[in-house]
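Just below is one structure, and these are the notes that go with it.
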Amino acid sequence: MSRACPPHSAPPRRQSRPSPAPPPSHSAGRGGAGGRTAVCPQLADSPGSLIPRRDSNPLAPPLPRARPTARDGRRGARVGPDRLAAAGPPGAGPPGARCRGAAPFRAILAHLLRLGLAFETFPMSRLLHFATAVSSPRLAREAELLFRHFTPRPNLYIYNLMLSAAAAEARGSSSSSSARRAAALYRPMLASSVHPDERTFLALLRSVERLPAGRQVHVHVVTSGLHSHAYLRNSLIKMYLDAGDVETAELMFCSTPVSDTASCNIMLSGYVNQGCTGKALLFFRDTVSRGIAVDQYAAVALLTCCGRLKNALLLSHR
């Protein structure tokens, strides 16, 4: 008869022996309080050490890792953290300060075409800002083509960019093509229900060359409710003085509630440029009596006026 086997039983677990206590440190009695082991500060402060500092918070988040150095475009050349901090975030500098010319412009446009963002308003507005910020005739033509073919719904910002570019080109050249282009931009802007602001009218006033066009801009300023804008009002006064309409400029200056330094300097320079030497001297005397200072440009115009009077007196004595 076979003998029954006893049931299987698990082997007894071995009891782990307690780890021996670390030997007492020799510096425990010197600097360590309560029998703590003193830690070398060089080891605690080392980046790869596992020993925390005494004053560190164990619940504090870990420190961020150091940023890797960036390349500035040349092979093997590296930029340190100090230069990156001085350069600022991307796009912090003026537009066109990092890359100029038609080649970067076309590269960015090609990248936007690949991403399918060529007809989006915001990317096109930034690209137009880049093209109009750099004074280049080639980029101006590229911006004109981009505005015609890639901005089906331009906003006020895009219209102001194109009008400012036309005004800058009109100031640098004597041709009237820039003024016609500014007018051609302003008409579809009104047709598309985009309301102009003071920047729009400032660009239009810088681009107009004849008095009838300036008067039309003045009418639009009044109907838009922006005639109380100080800088815009001074630009209208300057436009009338440059066009030779001194009476309208005087009416606008007298209708201003408070005459500031800029408006007085514009009137004084306009009087001198139009040959009104007597009015210029009387206006300067009235300006000084009211305690309004004149700038260097008005002072040069006043010296020119005094020179003309001196020459007139010499001619009268002869």
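Numbered continuously in our numbering, the sequence shown closes out at residue 1733.
Heads up, the beta-carbon is just placed ideally off N, CA and C, and yes, glycines get one too.
Residue i vs residue j beta-carbon contact at 7 Å
i: Leu1576; j: Leu1554; result: no
i: Leu1683; j: Ala1713; result: yes
i: Leu1527; j: Ala1533; result: yes
i: Ala1716; j: Thr1676; result: no
i: Leu1578; j: Ala1598; result: no
i: Phe1520; j: Glu1559; result: no
i: Ala1594; j: Glu1624; result: yes
Residue i versus residue j - alpha carbon distance
i: Phe1562; j: Gly1531; result: 17 Å
i: Arg1723; j: Gly1706; result: 26 Å
i: Ser1650; j: Thr1547; result: 23 Å
i: Thr1536; j: Asn1570; result: 8 Å
i: Ser1674; j: Gly1693; result: 20 Å
i: Pro1627; j: Ala1522; result: 43 Å
i: Asp1710; j: Lys1653; result: 16 Å
i: Phe1668; j: Leu1620; result: 17 Å
i: Pro1672; j: His1564; result: 46 Å
i: Leu1605; j: Gly1629; result: 17 Å
i: Phe1698; j: Leu1600; result: 39 Å
i: Arg1648; j: Phe1616; result: 10 Å
i: Ile1573; j: Val1636; result: 20 Å
i: His1633; j: Ser1592; result: 21 Å
i: Pro1603; j: Ser1643; result: 26 Å
i: Val1609; j: Thr1566; result: 14 Å
i: Ser1670; j: Ala1664; result: 10 Å
i: Leu1524; j: Ser1607; result: 25 Å
i: Pro1611; j: Leu1718; result: 40 Å
i: Asp1701; j: Gly1659; result: 22 Å
i: Pro1552; j: Phe1545; result: 13 Å
i: Ala1580; j: Val1703; result: 38 Å
i: Ser1550; j: Arg1529; result: 27 Å
i: Ser1540; j: Asn1688; result: 39 Å
i: Ile1681; j: Pro1538; result: 39 Å
i: Ala1618; j: Glu1584; result: 11 Å
i: Gly1503; j: Arg1568; result: Because Gly1503 sits at a pLDDT of 37, beneath the cut-off of 50, its placement in the model cannot be relied upon, and the point is left open.
i: Leu1499; j: Gln1631; result: Summary for Leu1499: the model assigns pLDDT 30, below 50, so the residue's position carries little reliability, and this model does not support an answer.
Bounding residues of the alpha helix (DSSP H) (the contiguous stretch that carries residue i)
i: Gln1631; result: Leu1626 to Thr1638
i: Ala1533; result: Looking at the DSSP string, Ala1533 is not in any alpha helix (DSSP H), and its letter there is neither H nor E.
i: Ser1670; result: It is not in any alpha helix (DSSP H) - Ser1670 carries neither H nor E in the DSSP assignment.
i: Val1609; result: Counting along the chain, Val1609 falls outside any alpha helix (DSSP H), and DSSP gives it neither H nor E.
i: Thr1676; result: Thr1676 to Asn1688
i: His1642; result: Counting along the chain, His1642 falls outside any alpha helix (DSSP H), and DSSP gives it neither H nor E.
i: Arg1553; result: Pro1552 to Phe1565
Simplified DSSP state of residue i, which is helix, strand or coil
i: Arg1723; result: helix
i: Gly1495; result: Here Gly1495 scores only 37 on pLDDT, less than 50, and its place in the model should not be relied on; the value that follows carries that caveat. Of the three classes helix, strand and coil, the one that applies to Gly1495 here is coil, per DSSP.
i: Gly1693; result: helix
i: Val1661; result: helix
i: Asp1701; result: helix
i: Pro1519; result: helix
i: Ile1652; result: helix
i: Val1715; result: helix
i: Ala1708; result: coil
i: Asn1570; result: coil
i: Ser1461; result: A caution first: Ser1461 carries a pLDDT of 44, below 50, which makes its placement in the model too unreliable to give a value.
i: Asn1575; result: helix
Whole-Å CB distance - residue i paired with residue j, under 8 Å assumed
i: Leu1696; j: Cys1720; result: 7 Å
i: Ser1622; j: Ala1582; result: 4 Å
i: Gly1685; j: Leu1656; result: 3 Å
i: Leu1641; j: Glu1662; result: Their Cβ separation, rounded to whole angstroms, is 23 Å, which puts Leu1641 and Glu1662 out of contact at 8 Å.
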